[in-house]
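Each step along the sequence shown adds one to the number in UniProt numbering, with nothing skipped, and position 358 is 358. Notes follow once the structure below has been shown.
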Amino acid sequence: MRLLVALLLSFLSLHAQTPRLTDVQERRLANGVRVLLVERRGLSAFHATLVFRGGWAEEPAAAAGATELLARCLYGSTWPEDADPSKIQPALDAQLKQEEGLLEALRLERLRLRQDLAGSSTLPTLESHLESVQARLRAFYPASPLADLYAARGGRQRAEATADALLAHTELPQESFEFWCRTEAQRLRSIQLSRFSQARAVLVAELRAQGAQGLALLRGAALPGHPYGRDLADHLPSLEALRWSDLRALARRTLRPDHLMVIIVGGLSLDSALPPLERHLGTLPAPPEAESTLLPEIPADLGDRRVQATLGGTPSLLCGWRLPARRHPDHLSLRLAGQLLGGGRTARLESRLVRQKALVQQVDLRMDLPGCRLPGLLVVGLKPADGHSLAEVEGALHSEILRLHQDPIPQDEWLRAVAQLEADHVRMLDEPAALARALGEAWAEGGDWRLLETDAQRLRTLTPEAVQAAARRWLKPSHRTTVLLEPTPGGPQNPLEAEMSRVLHALAALRIQDPAQRERLVAEGLRQLRMLNPEERQRTLKLLEGQLSPEQR
């Protein structure tokens, strides 16, 4: 009880000191750019977030990874050749086009050599030409890290690609605001992407190094055929085939003024900020209206789905339930249900499964994976304690879900969960970067930044009965997908999956000429295989082997 009183007093103290969302001022520039400004008097710096609606979920399959690459090579840094390329752009473009052609020739030659190991190779010649071109490209790049235009002014920046948006965050001294406006407008006009090849190589290396991921398996099984279920690691051939000019053209189509929200939090007033915004970002050309990307809908009641996989490491259980999108009336109730289950050390899973029963050594609960503009997932990850099986852990989790459905929620537990969410909301309002991000996400995911305030208001009127009713509607077996991850037995690779990969490659070689398309087919086949139990996997393998000639088996 004392803990609860202290928590409530802490929240009330924060609430009294923190501005409300009524401080948000909104404008729309002539070309469609939306502007939100929150003035914080006394701050000598500003935080700016650019939010482009439509994240990696809207990428065409052939351009998988494009949003992540834009986050890295368009907004990861601010190099002089990208921000003001007018003097060098023709020469730089010519070198980048040469690099693109050589990279594509190298990719195709490597694919050819996989099929013709004894054939002669042009790889050494191509690699030598590429090194010469990249040496000429390096002459355009400044050597010092301080050549980054924002770092040189005492600023910092980062970018992130989510399922629903591309977000670019910058913090700079207040006197650099017009410079920031001019630089961001020039960045979008030129979309130079001068360091595209390095960014792509790093991303490909990261994806190869990470190996199979449990969350990716869960998303693919729970959201089959939907972009939210896509695992970029399964699209490595497409990513490696993505060219500089392809990414540049895609960026010009998608990074449009009417898809952009600019959020400023700092010591600037709207009267002082609006003129430079209009002079620079407001003069970006507005392309013709484009059709919105229509993404497929997945019914929540797909049935109880299970995946068993051997990925090495320690055993773990992942359980995900398909949830409604952010604008759905039940979404906030389910967020509070997630807080009751996994919102810290006092929440049910941590308290009961870790401390009381000692069944579990680690609890991880995530809401809205990978996004919530469309229906996503509530995911619970559990690692069994020593001496306990995945079956025991799974049974205990299901018991806690049923308890949430059926047993009245104690008042102290309810008040604590509500107070924690309200305190999180107040802390978000008080931190410029967190506030800008939350406003942008509310717009990208729910279509209206005001959802941030309406959700906070609705939270105060929710009842335990409403949360339990939403949990019964959504956290049920027909919405559930379970992934059981076991340590790899006797080695790093599952023999059945290795044999299935061999058979799929042989079948694909008979029917498909394009190597990249063959790799995509094999990756998708292995993904589907992991959704079957061991007996079904074995039967599927025999059926596929029957389509090969005796010599190919």
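Positions of the beta carbon are idealized from the N, C-alpha and C atoms, including for glycine.
DSSP three-state assignment for residue i, whether helix, strand or coil
| i | result |
| --- | --- |
| SER316 | strand |
| GLN308 | strand |
| GLN361 | strand |
| ALA202 | The amino acid occupying residue 202 in the given sequence is Val; Ala does not appear at that position. It is helical. |
| ALA139 | coil |
| GLY338 | helix |
| HIS280 | coil |
| GLN552 | coil |
| ALA290 | coil |
| HIS169 | strand |
| ARG322 | strand |
| GLY525 | helix |
| ASP330 | coil |
| GLU545 | helix |
| ARG352 | helix |
| ASP368 | strand |
| PRO489 | With a pLDDT of 49 at PRO489, under the threshold of 50, the predicted position of this residue should be treated as unreliable, though the coordinate-derived value follows. Coil, per DSSP. |
| VAL33 | coil |
| ASP507 | Residue identity check: residue 507 is Leu in the sequence provided, not Asp. The answer is helix: DSSP assigns LEU507 an H, G or I state. |
| PRO375 | coil |
C-alpha gap between residue i and residue j, whole angstroms
| i | j | result |
| --- | --- | --- |
| PRO550 | GLY220 | 33 angstroms |
| LEU207 | ILE298 | 27 angstroms |
| LEU70 | ALA62 | 15 angstroms |
| THR540 | GLN420 | 49 angstroms |
| PRO489 | HIS331 | Summary for PRO489: the model assigns pLDDT 49, below 50, so the residue's position carries little reliability, and this model does not support an answer. |
| GLY344 | GLU350 | 7 angstroms |
| residue 563 | ASP258 | Residue 563 lies beyond the stretch modelled for the chain, which goes from 1 to 553, so this question has no answer here. |
| LEU435 | PHE52 | 17 angstroms |
| HIS235 | THR293 | 20 angstroms |
| CYS372 | LEU126 | 45 angstroms |
| GLY42 | ALA185 | 27 angstroms |
| VAL24 | GLU109 | 55 angstroms |
| HIS280 | GLU422 | 38 angstroms |
| LEU397 | SER144 | 53 angstroms |
| ARG326 | ARG253 | 26 angstroms |
| ALA286 | MET261 | 14 angstroms |
| ASP448 | ALA442 | 6 angstroms |
| GLY395 | ARG450 | 40 angstroms |
| LEU103 | GLU131 | 11 angstroms |
| ASP246 | PHE140 | 22 angstroms |
| GLN513 | LEU117 | 17 angstroms |
| LEU462 | ARG335 | 11 angstroms |
| THR170 | SER44 | 14 angstroms |
Whether residue i touches residue j by CB criterion (7 angstroms)
| i | j | result |
| --- | --- | --- |
| PRO370 | PRO324 | no |
| THR481 | GLY342 | no |
| GLU58 | ALA66 | no |
| ALA438 | GLN339 | no |
| ALA83 | THR183 | yes |
| ARG72 | ALA199 | yes |
| SER507 | ARG537 | Checking the sequence, you will find Leu at residue 507 rather than Ser. Their beta carbons are not under 7 angstroms apart, which means LEU507 does not touch ARG537 by this criterion. |
| HIS47 | GLY266 | yes |
| ASP368 | SER478 | no |
| GLU379 | ARG366 | Contrary to the premise, residue 379 reads as Val rather than Glu in this sequence. Contact: yes. |
| PRO237 | GLU39 | no |
| PRO276 | GLU178 | yes |
| LEU485 | LEU311 | yes |
| PRO487 | ILE409 | no |
| LEU29 | GLY211 | no |
| GLY155 | LEU318 | no |
| LEU544 | ILE264 | no |
| GLU100 | VAL133 | no |
| ALA470 | SER333 | yes |
| HIS425 | ALA466 | no |
| ALA337 | GLN361 | no |
Rounded Cβ spacing between residue i and residue j (contact assumed at less than 8 angstroms)
| i | j | result |
| --- | --- | --- |
| GLN157 | ALA168 | 7 angstroms |
| ALA233 | ALA216 | 7 angstroms |
| LEU504 | VAL522 | 4 angstroms |
| LYS383 | SER316 | 5 angstroms |
| PRO515 | LEU242 | The Cβ separation is near 15 angstroms, so there is no contact. |
| LEU404 | GLN468 | 7 angstroms |
| GLY55 | ALA165 | 5 angstroms |
| LEU188 | LEU284 | 6 angstroms |
| residue 584 | TYR228 | Any property of residue 584 remains undetermined from this structure, which presents the chain solely from 1 to 553. |
Interface flag, residue i vs chain B, CB-CB below 7 angstroms
| i | result |
| --- | --- |
| ARG195 | Considering every chain present, this structure includes no chain B. It has just one protein chain. |
* Asked: In the region 39-111, which residue ranges form an unbroken beta strand (DSSP E) of at least 3 residues, counting only runs that do not cross its ends?
  -> Runs of the beta strand (DSSP E) inside the region 39-111: 45-53.
* To do: Taking only runs that begin and end inside the region 195-268, name each unbroken alpha helix (DSSP H) of 4 or more residues, in chain order.
  => Whole alpha helix (DSSP H) segments, 4+ residues: 196-210, 214-222, 236-241 and 244-254.
* Return the chain-ordered ranges of every beta strand (DSSP E) run that is complete within the region 417-486 and spans a minimum of 3 residues. => If only uninterrupted beta strand (DSSP E) runs of at least 3 residues are considered, those enclosed by the region 417-486 are 480-486.
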